[in-house]
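In this note's numbering, the protein residues as written are 2 to 351.
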């Protein structure tokens, strides 16, 4: 078996101190004012010889793995993917690497992932939690491991949360429809007890109650395929032909809704106005373009990593003050949810 190369072998061959090599490997070249020439020399050589640091030994020696675990519902989702990208770039600049995993909103999978990452000695967790993992998160906190929850929270867990004002986002979107003359507004959402989904439902229902009209709600399973979502929404619209507007609780539900509307040969917004919660690039490209509740992705990403770094700098997690940061959404007004006369004016002007 070929002998494994050590950091001291590198130091001897390169005639550079092991400490300097360690700083470069840990992404601290700039912080330690190591020249770009030396950094390049080290990185090119370790690639040439195939050096792989012993992460376990490094973790035992320093007490830090310099690794963060991030668990989200689905890393394929545009919202989570955008947040993950910002966090990864920021963490790398701070000397950390991020391991990502999707829970698929499954409690047991989330529990297994938490155990796996804890066994790997990660320094901290960023989690968009599914329900039912309170015990596992409590165990992490009791083990003095920093945990930041984002997007949704668990009411019984005392830790720092970075959240969106989902209630106000849905409330404002529903009122926007009322202000544009739409009166029979439905809400298509997930059959979920998660805090963010419940807040969106509550915001919609509050606006409906204030307007003195009747709510109409369709709840769909999280695990449905796109074609199944589209078919369910199509059936819902066929049974409720009195509707003149729909607020969708997620962007992928809205995309399923667009397909259903097209299959029914309905015109937007002439026959049915739509708004999506959580903006997506494709909403700008559709015709007509889709009004959406935009979540502050950049701000949330920066706040999450900022809060985790604060926690990592504290030795005793129980002594650190926990915060709940709530960020505002923004309604991006496009053509799918404005009064038809306004649409005609826009078309004439354009």
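Glycine is no exception: its CB is placed at the ideal position from the N, C-alpha and C atoms.
At what residues does the beta strand (DSSP E) containing residue i begin and finish?
i, result
"residue 125", "125 to 128"
"residue 68", "68 to 73"
"residue 99", "98 to 103"
Cα-Cα, which of the options is closest to residue i?
i, options, result
"residue 8", "53, 146, 187, 119", "53"
"residue 168", "139, 196, 34, 226", "196"
"residue 361", "191, 5, 335, 20", "A question about residue 361 goes unanswered here, because the residues of the chain that appear run from 2 up to 351."
"residue 320", "103, 138, 143, 284", "143"
"residue 37", "22, 91, 234, 258", "22"
"residue 150", "302, 117, 76, 48", "302"
"residue 139", "99, 120, 73, 115", "115"
"residue 278", "121, 155, 173", "173"
"residue 274", "299, 235, 338, 294", "338"
"residue 213", "16, 184, 270, 283", "184"
"residue 292", "262, 145, 332", "332"
"residue 186", "289, 161, 239, 208", "208"
"residue 48", "237, 269, 6, 81", "6"
"residue 299", "80, 269, 95", "80"
"residue 157", "132, 178, 179, 147", "132"
"residue 404", "232, 247, 202, 119", "There is simply no residue 404 to check, as the chain begins at 2 and stops at 351 in what is shown."
"residue 241", "70, 262, 148", "262"
"residue 125", "91, 70, 86", "70"
"residue 76", "134, 86, 229", "86"
"residue 232", "243, 20, 264", "264"
"residue 309", "95, 200, 82", "95"
In angstroms with no decimal places, state the Cα-to-Cα distance between residue i and residue j.
i, j, result
"residue 340", "residue 220", "27 Å"
"residue 24", "residue 30", "6 Å"
"residue 61", "residue 123", "Any reading at residue 61 needs caution, since the residue's pLDDT is 45, under 50, leaving its predicted position unreliable; the model's value is listed next. Between residue 61 and residue 123, the C-alpha separation is close to 12 Å."
"residue 205", "residue 329", "16 Å"
"residue 327", "residue 266", "40 Å"
"residue 350", "residue 176", "At residue 350, the pLDDT of 37 sits below 50, so the modelled position is not reliable; the number obtained from the coordinates is stated separately. So the two alpha carbons sit approximately 26 Å from each other."
"residue 307", "residue 84", "13 Å"
"residue 88", "residue 101", "11 Å"
"residue 39", "residue 45", "10 Å"
"residue 251", "residue 117", "30 Å"
"residue 254", "residue 112", "27 Å"
"residue 27", "residue 257", "45 Å"
"residue 323", "residue 14", "48 Å"
"residue 287", "residue 296", "19 Å"
"residue 189", "residue 217", "9 Å"
"residue 198", "residue 191", "7 Å"
"residue 325", "residue 165", "10 Å"
"residue 285", "residue 11", "52 Å"
"residue 65", "residue 98", "12 Å"
"residue 33", "residue 91", "18 Å"
"residue 269", "residue 259", "9 Å"
"residue 247", "residue 276", "7 Å"
"residue 147", "residue 16", "39 Å"
"residue 344", "residue 245", "Annotation note: pLDDT 47 at residue 344 (below 50); position unreliable, no value reported."
"residue 107", "residue 119", "18 Å"
"residue 290", "residue 178", "15 Å"
"residue 304", "residue 163", "7 Å"
"residue 109", "residue 127", "18 Å"
"residue 226", "residue 271", "28 Å"
"residue 215", "residue 228", "29 Å"
"residue 237", "residue 317", "52 Å"
With DSSP as the reference, identify every bridge partner of residue i, one or two as the case may be.
i, result
"residue 248", "188, 276"
"residue 293", "277, 333"
"residue 217", "187"
"residue 325", "162"
Label residue i either buried or exposed according to how many other C-beta atoms from any shown protein chain fall within 10 Å of its C-beta, with 16 as the threshold for buried.
i, result
"residue 93", "exposed"
"residue 130", "buried"
"residue 78", "buried"
"residue 314", "exposed"
"residue 222", "exposed"
"residue 346", "Note that residue 346 has pLDDT 47, beneath the 50 cutoff, so the model's placement of it is unreliable and the number below is only indicative. Burial call: exposed."
"residue 154", "buried"
"residue 312", "buried"
"residue 18", "exposed"
"residue 194", "exposed"
"residue 160", "buried"
"residue 67", "buried"
"residue 74", "buried"
"residue 104", "buried"
"residue 282", "exposed"
What is the residue span of the alpha helix (DSSP H) that residue i lies within?
i, result
"residue 150", "From DSSP, residue 150 is part of no alpha helix (DSSP H) but of the beta strand (DSSP E) over 148 to 151."
"residue 18", "Careful: residue 18 lies outside any alpha helix (DSSP H) and carries neither H nor E."
"residue 173", "167 to 180"
"residue 113", "108 to 120"
"residue 94", "79 to 94"
"residue 37", "37 to 50"
"residue 134", "No alpha helix (DSSP H) contains residue 134, which DSSP labels as neither H nor E."
"residue 144", "Run containing residue 144: none; DSSP gives neither H nor E here."
"residue 197", "196 to 212"
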